[in-house]
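Structure first, commentary second.
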Amino acid sequence: MRYATLVLTETEVQIAPVLDRFARSEAVTIDSTRHMGPIEDGRYVVLVDLRGNLSAADRLLDAAEEVVGYDVTGTDGSGVAYLQCRSVGLIGDLISILYAHDIVLDWPIEHREIDGRRSYRFTVIGTGSGIQRAVSELPGAVEFELEEIGTYRPTTGEFADVLTDGQADLLELAVREGYYEVPRETTHRELASKLGLSAGTVSDRLQRIERRLVAAYVD
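Counted from 1, the sequence shown has number 110 at position 110 by full-length UniProt numbering; the numbering is strictly sequential.
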């Protein structure tokens with residue numbers, strides 16, 4: 001069983017109209033999509049994590065023609081929105097491609113912005129050949145970067161499923177090499193040389209690992 005972490009970046013076509021509405025808002029944004037899937041009559045259900053003014057989210061969704069029903073909950077500053085949509089655009093096609101090749105999407109999808117363009121980072125799980133076929137069928141309306149690929153090993157213990165296999169391997173290396181000792185016994189550059197990566201990539205990945213572990217601990 002294999003996993004792959006991909007980053008999709010929009011080019012000229014919106015990946016999903018309802019997500020684009022939040023991306024253009026200065027009052028409220030989506031941090032991640034927890035789930036998105038088809039239901040009856042060609043509609044979709046969507047669950048997203050919000051950050052910002054939740055009253056603005058209500059107004060935005062009221063005006064969204066593709067949204068047929070929704071509920072927003074949380075405190076002013078962060079919350080969750082449950083949506084029922086007539087369609088979700090290109091992202092629905094992308095999910096269908098994964099399902100067609102028996103690929104499991106490891107939720108959530110992280111929303112990011114790179115060089116002024118929206119991007120989406122997520123991990124898929126399946127056979128190596130299935131992942132390769134699915135990636136080869138991704139439409140040209142998006143650019144994609146294969147960030148990481150490896151053998152999928154489910155984690156166990158208090159923080160089960162928090163880290164991907166590759167993240168767990170990097171964290172183990174960092175601990176083994178003394179990155180978290182005081183004072184530190186290694187650097188991003190030294191870790192990067194062992195992995196054949198750039199120091200910036202190692203720094204970014206360690207920050208993501210730390211963010212996931214801290215969030216899991218707080219939860």
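Ideal Cβ placement from N, Cα and C applies to all residues, glycine included.
Since residue i and residue j should fall inside the 8 Å C-beta cutoff, what is the C-beta to C-beta distance between them, to a whole number of angstroms?
i	j	result
residue 7	residue 145	5 Å
residue 192	residue 202	5 Å
residue 36	residue 46	5 Å
residue 51	residue 78	5 Å
I'd like to confirm something about residue i: is its beta-carbon nearer than 7 Å to some heavy atom of the ligand ATP, or not?
i	result
residue 47	Absence of the ligand ATP from the depicted structure is noted, as is the absence of any ligand whatsoever, leaving it without description.
With C-beta atoms as the reference, is residue i less than 8 Å away from residue j?
i	j	result
residue 18	residue 94	no
residue 60	residue 87	no
residue 4	residue 124	yes
residue 162	residue 81	no
residue 109	residue 187	no
residue 76	residue 53	yes
residue 141	residue 103	no
residue 15	residue 91	yes
residue 149	residue 9	no
residue 165	residue 152	yes
residue 56	residue 21	no
residue 62	residue 49	no
residue 11	residue 137	no
residue 185	residue 178	yes
residue 44	residue 85	yes
residue 205	residue 167	yes
Please name the residue or residues paired with residue i in a DSSP beta bridge.
i	result
residue 84	45 and 69
residue 79	50 and 74
residue 9	119 and 143
residue 106	123
residue 64	None, per the DSSP bridge assignment.
residue 3	125 and 150
residue 28	52
residue 111	120
residue 37	45
Please tell me whether residue i has its Cβ less than 8 Å away from any Cβ of chain C.
i	result
residue 36	Protein chains in the displayed structure number just one, and chain C is not present.
| request: Could I get the ranges of all uninterrupted alpha helix (DSSP H) runs contained in the segment 179-210, with 4 residues as the minimum, in chain order? | output: 188-195
| Does the segment 167-182 come within contact of the segment 116-133, defined as at least 3 CB pairs closer than 8 Å? | no
| For the segment 130-139 against the segment 92-109, are there 3 or more C-beta pairs whose distance is under 8 Å? | yes
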